[in-house]
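Asks:
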Amino acid sequence: MQFKKEGLVAVPKASEINLLSISLEIDGRRSLFILLAKDGSINRLGTGTIDNKDYDLYIGITKDLLFEHAITYITDDMLQYMGSYDIPNKKGLPCRLSIGLQFNNGEENGFEFNYASESEGPPDEISELLIAAVQITEPWYESQKKISSKNNKSM
1 MQFKKEGLVA VPKASEINLL SISLEIDGRR SLFILLAKDG SINRLGTGTI DNKDYDLYIG
61 ITKDLLFEHA ITYITDDMLQ YMGSYDIPNK KGLPCRLSIG LQFNNGEENG FEFNYASESE
121 GPPDEISELL IAAVQITEPW YESQKKISSK NNKSM
(Lines of atoms letter the chains of each structure in order from A; the text may use other names.)
(Lines give C-alpha, C1' and ligand atoms only; values in the text may rest on other atoms or scores of the structure.)
Protein backbone atom coordinates (compact mmCIF):
# COMPACT_ATOMS: atom_id res chain seq x y z
CA MET A 1 0.00 0.00 0.00
CA GLN A 2 1.47 3.32 -1.00
CA PHE A 3 0.39 6.38 0.90
CA LYS A 4 -0.13 9.55 -1.06
CA LYS A 5 -0.60 13.02 0.31
CA GLU A 6 -3.56 14.64 -1.33
CA GLY A 7 -2.84 18.11 -2.71
CA LEU A 8 -5.30 19.86 -4.96
CA VAL A 9 -6.67 16.50 -6.09
CA ALA A 10 -10.25 15.79 -5.00
CA VAL A 11 -10.27 13.69 -1.84
CA PRO A 12 -12.45 10.58 -2.17
CA LYS A 13 -15.55 10.18 -0.04
CA ALA A 14 -16.04 7.47 2.60
CA SER A 15 -19.01 6.16 0.58
CA GLU A 16 -16.56 5.32 -2.25
CA ILE A 17 -14.54 2.85 -0.14
CA ASN A 18 -14.84 -0.78 -1.25
CA LEU A 19 -12.04 -2.36 0.80
CA LEU A 20 -10.59 -1.71 4.25
CA SER A 21 -7.44 -3.34 5.57
CA ILE A 22 -5.91 -2.84 8.99
CA SER A 23 -2.50 -4.10 10.05
CA LEU A 24 -0.89 -3.61 13.45
CA GLU A 25 2.71 -4.55 14.10
CA ILE A 26 4.09 -4.47 17.62
CA ASP A 27 7.84 -4.79 18.09
CA GLY A 28 8.19 -5.95 14.48
CA ARG A 29 5.60 -8.76 14.78
CA ARG A 30 2.18 -8.67 13.19
CA SER A 31 -0.33 -8.60 16.02
CA LEU A 32 -3.44 -7.94 13.95
CA PHE A 33 -4.57 -8.04 10.35
CA ILE A 34 -8.14 -7.40 9.25
CA LEU A 35 -9.45 -7.12 5.72
CA LEU A 36 -13.09 -6.32 4.98
CA ALA A 37 -14.45 -5.75 1.50
CA LYS A 38 -17.76 -4.63 0.05
CA ASP A 39 -18.12 -8.04 -1.67
CA GLY A 40 -18.18 -9.80 1.74
CA SER A 41 -14.52 -10.90 1.75
CA ILE A 42 -13.05 -11.10 5.22
CA ASN A 43 -9.58 -11.93 6.57
CA ARG A 44 -8.42 -11.85 10.15
CA LEU A 45 -5.23 -12.67 12.00
CA GLY A 46 -4.50 -12.00 15.66
CA THR A 47 -5.90 -10.00 18.51
CA GLY A 48 -4.02 -6.71 18.27
CA THR A 49 -2.57 -7.10 21.76
CA ILE A 50 1.08 -6.96 22.83
CA ASP A 51 0.90 -10.61 23.92
CA ASN A 52 -0.85 -11.88 20.77
CA LYS A 53 -0.22 -15.60 20.18
CA ASP A 54 -2.68 -16.09 17.30
CA TYR A 55 -0.80 -16.11 13.99
CA ASP A 56 -3.22 -18.14 11.88
CA LEU A 57 -4.83 -16.14 9.09
CA TYR A 58 -8.50 -16.95 8.48
CA ILE A 59 -9.95 -16.06 5.08
CA GLY A 60 -13.58 -16.22 4.05
CA ILE A 61 -16.69 -14.58 2.75
CA THR A 62 -19.57 -13.47 4.92
CA LYS A 63 -23.10 -12.33 4.19
CA ASP A 64 -23.08 -10.30 7.40
CA LEU A 65 -22.69 -6.57 6.77
CA LEU A 66 -19.35 -6.32 8.60
CA PHE A 67 -17.73 -4.09 5.97
CA GLU A 68 -20.69 -1.72 5.96
CA HIS A 69 -20.59 -1.52 9.76
CA ALA A 70 -16.84 -0.90 9.88
CA ILE A 71 -16.79 1.93 7.35
CA THR A 72 -19.37 3.88 9.37
CA TYR A 73 -16.35 4.75 11.54
CA ILE A 74 -14.66 6.49 8.59
CA THR A 75 -15.82 10.01 7.78
CA ASP A 76 -15.19 12.20 4.77
CA ASP A 77 -13.33 14.59 7.08
CA MET A 78 -10.90 11.84 8.16
CA LEU A 79 -9.98 11.13 4.54
CA GLN A 80 -8.51 14.64 4.20
CA TYR A 81 -5.70 13.51 6.51
CA MET A 82 -4.64 10.32 4.74
CA GLY A 83 -0.88 9.91 4.97
CA SER A 84 1.94 8.66 7.16
CA TYR A 85 2.56 10.00 10.66
CA ASP A 86 5.40 9.54 13.11
CA ILE A 87 4.21 10.24 16.63
CA PRO A 88 7.09 11.64 18.75
CA ASN A 89 8.15 10.87 22.33
CA LYS A 90 7.94 7.11 21.96
CA LYS A 91 8.07 4.93 25.09
CA GLY A 92 7.65 1.18 25.07
CA LEU A 93 7.55 -1.26 22.16
CA PRO A 94 7.51 0.20 18.64
CA CYS A 95 4.10 -0.01 16.94
CA ARG A 96 3.03 0.55 13.35
CA LEU A 97 -0.64 0.81 12.47
CA SER A 98 -1.49 0.79 8.77
CA ILE A 99 -5.01 1.37 7.47
CA GLY A 100 -5.39 0.76 3.77
CA LEU A 101 -8.38 1.90 1.77
CA GLN A 102 -9.35 0.99 -1.76
CA PHE A 103 -11.87 3.15 -3.57
CA ASN A 104 -14.41 2.34 -6.28
CA ASN A 105 -12.19 4.00 -8.92
CA GLY A 106 -9.33 1.61 -8.09
CA GLU A 107 -7.26 4.21 -6.21
CA GLU A 108 -5.62 3.15 -2.96
CA ASN A 109 -4.61 5.33 -0.05
CA GLY A 110 -4.74 5.24 3.72
CA PHE A 111 -3.10 6.05 7.00
CA GLU A 112 0.06 4.89 8.75
CA PHE A 113 1.02 5.68 12.32
CA ASN A 114 4.36 4.92 13.95
CA TYR A 115 4.20 5.19 17.73
CA ALA A 116 5.03 3.13 20.84
CA SER A 117 3.02 0.92 23.18
CA GLU A 118 3.36 3.17 26.25
CA SER A 119 3.04 6.58 24.64
CA GLU A 120 0.50 8.57 22.70
CA GLY A 121 -1.00 6.60 19.83
CA PRO A 122 -3.10 7.47 16.81
CA PRO A 123 -5.93 10.05 17.00
CA ASP A 124 -9.14 8.98 18.75
CA GLU A 125 -11.05 8.53 15.48
CA ILE A 126 -8.43 6.07 14.22
CA SER A 127 -8.34 4.21 17.55
CA GLU A 128 -12.14 3.94 17.49
CA LEU A 129 -12.01 2.48 13.96
CA LEU A 130 -9.38 -0.06 15.07
CA ILE A 131 -11.36 -1.13 18.13
CA ALA A 132 -14.61 -1.31 16.16
CA ALA A 133 -13.02 -3.45 13.42
CA VAL A 134 -11.76 -5.91 16.04
CA GLN A 135 -15.17 -6.05 17.75
CA ILE A 136 -17.09 -6.32 14.47
CA THR A 137 -14.95 -9.22 13.23
CA GLU A 138 -14.56 -10.99 16.59
CA PRO A 139 -17.61 -13.33 16.32
CA TRP A 140 -16.57 -14.45 12.82
CA TYR A 141 -12.93 -14.84 13.92
CA GLU A 142 -13.84 -16.93 16.96
CA SER A 143 -16.11 -19.18 14.87
CA GLN A 144 -13.29 -19.74 12.36
CA LYS A 145 -10.88 -20.67 15.18
CA LYS A 146 -13.41 -23.22 16.49
CA ILE A 147 -13.92 -24.73 13.03
CA SER A 148 -10.15 -24.94 12.56
CA SER A 149 -9.71 -26.53 15.99
CA LYS A 150 -12.38 -29.16 15.24
CA ASN A 151 -10.81 -29.92 11.85
CA ASN A 152 -7.37 -30.32 13.44
CA LYS A 153 -8.75 -32.71 16.10
CA SER A 154 -10.43 -34.91 13.50
CA MET A 155 -7.16 -35.44 11.59
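This note's numbering applies: residue 1 is where the sequence shown begins, and numbers increase by one.
All C-beta atoms in this analysis are idealised placements derived from N, C-alpha and C, irrespective of residue type, glycine included.
On a predicted model such as this, the values are computed, not experimentally measured, just so you know.
With distances taken between CB atoms, is the gap from L97 to G121 smaller than 9 angstroms?
Replies: One-based indexing of the sequence shown puts residue 97 at position 97. One-based indexing of the sequence shown puts residue 121 at position 121. Their beta carbons are under 9 angstroms apart, which means L97 touches G121 by this criterion.
Asks: Start and end of the beta strand (DSSP E) containing D158?
Replies: Only positions 1 to 155 of the chain appear in the structure, and residue 158 is not among them; the question remains open.
Asks: For a quick check, are the C-beta atoms of T47 and S31 less than 9 angstroms apart?
Replies: As a first step, residue 47 is located in the sequence shown; it is residue number 47 there, counting from the start. As a first step, residue 31 is located in the sequence shown; it is residue number 31 there, counting from the start. Yes.
Asks: Just checking my contact of L79 with V11 at CB under 8 angstroms: how many whole Å lie between their CB atoms?
Replies: Counted from its first residue, the sequence shown places residue 79 at position 79. Counted from its first residue, the sequence shown places residue 11 at position 11. Contact holds; Cβ gap of about 5 angstroms.
Asks: How long is the line joining the alpha carbons of F103 and N114, rounded to whole angstroms?
Replies: Your numbering for residue 103 matches position 103 in the sequence shown. Your numbering for residue 114 matches position 114 in the sequence shown. Computed Cα separation, rounded: 24 angstroms.
Asks: Who are Y115's beta bridge partners in DSSP?
Replies: Counting from one through the sequence shown, the residue named residue 115 turns up at place 115. Answer is C95, bridged to Y115.
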